[in-house]
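K.L.:
Encoded as structure tokens, here's the structure I'll be asking about.
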């Protein structure tokens, strides 16, 4: 799962750079409006990607537990639901640390040619 997180961190970083380059080429008259567009687009991209990553992490865990559905996991109705919730949380953690949270900030100076 860590490699998936690292790949997602790199993809997020590349998409954010692409958004910046696209906004820079649109011809805004004021920089604050361009910055607002970049902020909103990056926020929406990150939220969409996070929801997608969490759902793609949950479905394999729920598929491996027969007879368990999402509402049981949210309500922690049984020990199986609690175990499934632990597996989901562990997989999300492995995606986010180190890849999803930190790799983009490490790769930006390298990709921008600063280092």
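Residue numbers (this note's numbering): 189 to 303. Note that the Cβ used here is the ideal one computed from N, Cα and C, for glycine as well.
1. Could you spell out where the alpha helix (DSSP H) holding residue 248 opens and where it closes?
2. When you compare only the Cα positions, how much space is there between residue 246 and residue 283?
3. Short check: CB of residue 211 to CB of residue 225, under 8 Å?
4. Classify residue 211 as helix, strand or coil using the three-state DSSP reduction.
5. With distances taken between CB atoms, is the gap from residue 258 to residue 267 smaller than 8 Å?
6. Over the uninterrupted alpha helix (DSSP H) stretch that includes residue 275, give me the two end residues.
P.N.:
Looking at the coordinates:
1. 219-252 is the span of the alpha helix (DSSP H), which, as asked, contains residue 248.
2. Each residue's Cα considered, the two are about 12 Å apart.
3. Here residue 211 is near residue 225, since their CB atoms are less than 8 Å apart.
4. Here DSSP, grouped into helix, strand and coil, assigns residue 211 to helix.
5. Residue 258 places its beta carbon 8 Å or farther from that of residue 267.
6. Residues 267-283.
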